[in-house]
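Encoded as structure tokens, the structure appears first; notes follow it.
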Amino acid sequence: MERKITVLSNKEIAPKIFKLTAAAKIPDETRCGNFVHIQLKEKSLRRPFCICDFSKELETLTIVYEVKGEGTKLLSAYQKGTCLDALFPLGNGFDIKDAKKIFLVGGGLGTAVLPAAFKSYEAEFTSFIGFKSKENIILAEELSLGGDLFVSTEDGSFGEKGFVTDCVKREISLRKPDIILACGPEPMLKSLQKISCQFQTKTLVSLEERMGCGVGACVVCAVKINRNGQEHNLRVCKDGPVFDINEVVFN
Amino acid sequence: MNKNPLAVNIAGVEFKNPLIAASGTFGYGLEYSEIYDVSKIGGISLKGLTLLPKEGNDSPRIAETPSGILNSVGLQNPGTKAFVNDYMPKIKKLGTVLIANIAGNTLDEYAQTAKIVSESGVDMIELNISCPNVKQGGMAFGVEPDSVRAVTEKVKENSSLPLIVKLTPNVSDITKNAAAAQKGGADAISLINTISGMAVDYKTRKPILKNVTGGLSGPAVKPVALKMVWQVYNTVDIPIIGMGGIMSYTDVLEFIICGASAVQIGTANIYNPTAMPEILSDLEKYFKDNNLTLEDLKGTLIV
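In the order they appear, the protein sequences are chains A and B. Taking this note's numbering, the leading residue of the first sequence gets 1, the next gets one more, and so forth. Taking this note's numbering, the leading residue of the second sequence gets 1, the next gets one more, and so forth.
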């Protein structure tokens, strides 16, 4: 496990959304769906962020985050050269097995999980991302480099008007993916669960929950998962953050 | 001199050093053993066990507070059967003292759990009495001294292992509870468990924890813990294991000076997975540089 990252750049890419790239040695096993647990200089409790992108050759790691509370506010002020104690790669990541045709689906900030897929797997990718409005769009350029990209906005200010899942539903019977990898708000995941069922397409989703240790020991980040016919509290940091969408118990 | 200056014997159990991982922060030792060799530390107080599996509370189960955290995990654990069959085979070779922390909602549950755990291969039992007694209106077992004595006696009756009774600070006079535990047959006392607290989101006007209230731990509680360790040290004759906000080797020294024979480190692990080996290294250096042993410092607060 790695422990150190050094900030190279930290910029606002959309209202309240920042992209931080850091110098970091990337362990071989790092893959899409892993996360990094960062300790801010002024706070003790770490903050987890999905690894948006990484490069083993360039030795860089990228996270995209929203400034929401005290911790992320502090994070957004870190300048180039700041060294941070960061544990990574954590979590299970997306296990795509032999999938060759992959749909990447991101809703809002959930889009941040997707770019690392291109570095992690050899496959044909189609990406679908959805946002409230044009100003909220993030990572479109990065995702368009990896394959076809469909952008949706709820207000129609850019791309297709509507939800990202409307677009997925339309394209899934045409393109017939082997697997869907997704991240986004619960309403999006609920719609996706229906699509996954209707079209019998394996769908993996990355979840989040308030965390403690990040390594599976404190059992604080519990999420209800239906496994072997029973509902259990599993750990997002260790048993996840990626789960089969059909196992997720939604509210 | 070859004697290990950090070694300590508590209730007949030999610890290579006085650092024990606190229950609930270290699982059953498996996760941290992927990060470092846990045989380095003195012991592990394992995640609290109940007779049957428990799912625990709904998320969010953690809130950040000034100099600490609140948790409301709710004793999620696989139950005694899974502990004995699935976990013990994996952890008995970890090379450190294993302390099973047990909890229950009735005296009978405590008795049954103690019996099963005694035969599991662990070295000691730690009694978690912060759980509600469902047969007595839900007040925690650890609140009334008589209740503390009754649970302690019950567990002693059903177990052959040395027993540590873990006290809750959410009481009016912890020295009475400590005395009651000793009277009930406790071989050692550990304190403090978490302090009851709450965190609020002023924008949503909702509590941060789904369970509304939780237990406070971390540096914020250290002053309360030190005072209580000191008070209990002056009350009982049995060894004391102190805990509450230990983040560094100097914190460890403070607890020893107040009367602790050993300490538990919990929240520090959540902040920094390698906290314990780091604190151990600093502690070893301090004892070496100052030519001291644990016994030289224990209970030497000058008042």
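In this text, a Cβ means the ideal position worked out from N, Cα and C, and glycines have one as well.
Could you confirm whether any beta carbon from chain B is found closer than 8 angstroms to the beta carbon of residue i?
i, result
"A:E87", "Checking the sequence shown, residue 87 of chain A turns out to be Leu, not Glu. At least one chain B Cβ lies under 8 angstroms of A:L87."
"A:E209", "yes"
"A:V222", "The identity of residue 222 of chain A in the sequence shown is Ala, whereas the question assumes Val. Yes, A:A222 counts as interfacial toward chain B."
"A:K109", "Looking at the sequence itself, residue 109 of chain A is Leu, so the reference to Lys does not match. No, A:L109 does not count as interfacial toward chain B."
"A:V215", "yes"
"A:V205", "no"
"A:K68", "no"
"A:K238", "yes"
"A:G212", "yes"
"A:E219", "Per the sequence presented here, residue 219 of chain A reads as Val, with Glu not at that position. Answer yes: the Cβ-Cβ gap between A:V219 and chain B drops below 8 angstroms somewhere."
"A:N233", "yes"
"A:S1", "With the sequence shown as reference, residue 1 of chain A is identified as Met, and Ser is not the correct amino acid for it. Taking Cβ atoms only, chain B reaches closer than 8 angstroms to A:M1, which makes this a yes."
Let me see if you follow: with CB-CB separation under 8 angstroms, is residue i close to chain A or not?
i, result
"B:G259", "no"
"B:R61", "yes"
"B:I270", "yes"
"B:E278", "no"
"B:E55", "yes"
"B:P162", "no"
"B:P273", "yes"
"B:E126", "no"
"B:M1", "Because the pLDDT at B:M1 is just 48, under 50, the model does not fix this residue reliably, and the value given afterwards should be weighed accordingly. Judged by the 8 angstroms Cβ criterion, B:M1 is not in contact with chain A."
"B:E64", "yes"
"B:N290", "no"
Taking the alpha-carbon of residue i as reference, which of the options has the nearest alpha-carbon?
i, options, result
"A:R46", "A:D155, A:L75, A:L20", "A:L75"
"A:L87", "A:L143, A:V215, A:P185, A:G81", "A:V215"
"B:T250", "B:I270, B:L297, B:I240", "B:L297"
"B:N176", "B:N158, B:E14, B:E144", "It should be noted that the sequence gives Lys, not Asn, for residue 176 of chain B. Looking at the Cα atoms, B:E144 is the closest of the given residues."
"B:F287", "B:E14, B:T50, B:I256", "B:I256"
"A:I96", "A:V249, A:V242, A:G110", "A:V242"
"B:L163", "B:G27, B:Y32, B:Y28, B:S45", "B:S45"
"A:T201", "A:V223, A:S191, A:D178", "A:D178"
"B:L52", "B:V117, B:S130, B:G42, B:N77", "B:N77"
"B:L226", "B:T204, B:V236, B:M247, B:C258", "B:C258"
"B:R149", "B:P132, B:L167, B:T204, B:A180", "B:A180"
"B:I62", "A:E141, A:A24, A:R210, A:S127", "A:R210"
"B:L167", "B:S118, B:A188, B:A114", "B:A188"
"A:S127", "A:A117, A:V64, A:K134, A:P187", "A:A117"
"B:D237", "B:A11, B:A7, B:V263, B:V97", "B:A11"
"B:M228", "B:T96, B:K93, B:G184, B:P169", "B:P169"
"B:G56", "B:G79, B:V97, B:P219", "B:G79"
"B:S261", "B:N4, B:P5, B:N9", "B:N9"
Need the endpoints of the alpha helix (DSSP H) that residue i sits in, please.
i, result
"B:A262", "Taken as a continuous stretch (DSSP letters only), B:A262 belongs to no alpha helix (DSSP H), being part of the beta strand (DSSP E) at 262-265."
"B:T213", "Segment 213-217 is the beta strand (DSSP E) holding B:T213; no alpha helix (DSSP H) there."
"B:A313", "Nothing can be reported for residue 313 of chain B: it is not among the residues displayed for chain B, which extend from 1 to 303."
"B:Y233", "222-233"
"A:R175", "164-175"
"B:D296", "294-297"
"B:L253", "249-257"
"B:M88", "88-91"
"B:T152", "145-157"
Where do the ends of the beta strand (DSSP E) carrying residue i lie?
i, result
"A:I17", "17-23"
"A:E231", "230-235"
"A:T153", "147-153"
"A:C221", "A:C221 -> no beta strand (DSSP E), and no H or E assigned at all."
"A:K181", "Going by the sequence as given, residue 181 of chain A is Leu instead of Lys. Element bounds for A:L181: 179-183."
"A:M188", "Segment 186-198 is the alpha helix (DSSP H) holding A:M188; no beta strand (DSSP E) there."
"B:V8", "8-10"
"A:T293", "Because chain A here runs from 1 to 251, residue 293 of chain A falls outside it and cannot be looked at."
Does the Cβ of residue i lie closer than 7 angstroms to at least one heavy atom of the ligand SAM?
i, result
"A:I13", "With respect to the ligand SAM, the structure offers nothing, as it holds no ligand at all."
Of the residues that make up the segment 16-37 of chain B, which ones have a beta carbon closer than 7 angstroms to any beta carbon in chain A?
G24, T25, F26, G27, E31, Y32, I35
If you measure beta-carbon to beta-carbon, which residues of the segment 39-55 of chain A are closer than 8 angstroms to chain B?
Q39, K43, S44, L45, R46
Give a yes or no on contact between the segment 8-24 of chain B and the segment 266-284 of chain B, applying the rule of three or more CB pairs nearer than 8 angstroms.
yes
Assess, as a yes-or-no matter, whether the segment 215-225 of chain B is touched by the segment 189-204 of chain B under the definition of 3 or more beta carbon pairs within less than 8 angstroms.
The segment 189-204 of chain B vs the segment 215-225 of chain B: in contact.
Scan the segment 70-93 of chain B for residues whose Cβ lies nearer than 8 angstroms to a Cβ of chain A and list them as they occur along the chain.
N71, V73, Q76
Touch check for the segment 51-63 of chain A and the segment 65-73 of chain B: three-plus C-beta pairs under 8 angstroms?
no
Taking contact to mean at least 3 C-beta pairs separated by less than 8 angstroms, is the segment 197-214 of chain B in contact with the segment 228-240 of chain B?
no
I'd like to know if the segment 78-85 of chain A and the segment 135-147 of chain A are in contact, where contact means that at least 3 CB-CB pairs between them fall below 8 angstroms.
no
Pair every Cβ in the segment 268-275 of chain B with every Cβ in the segment 27-37 of chain B, then say whether three or more of these pairs are closer than 8 angstroms.
Between the segment 268-275 of chain B and the segment 27-37 of chain B there are three or more C-beta pairs closer than 8 angstroms, enough to call the two in contact.
Please determine if the segment 223-241 of chain A and the segment 201-210 of chain B are in contact, where contact requires at least 3 C-beta pairs separated by less than 8 angstroms.
No, the segment 223-241 of chain A is not in contact with the segment 201-210 of chain B.
Measuring CB atoms only, is the segment 7-27 of chain A touching the segment 65-75 of chain A, in the sense that at least three cross pairs come out at less than 8 angstroms?
yes
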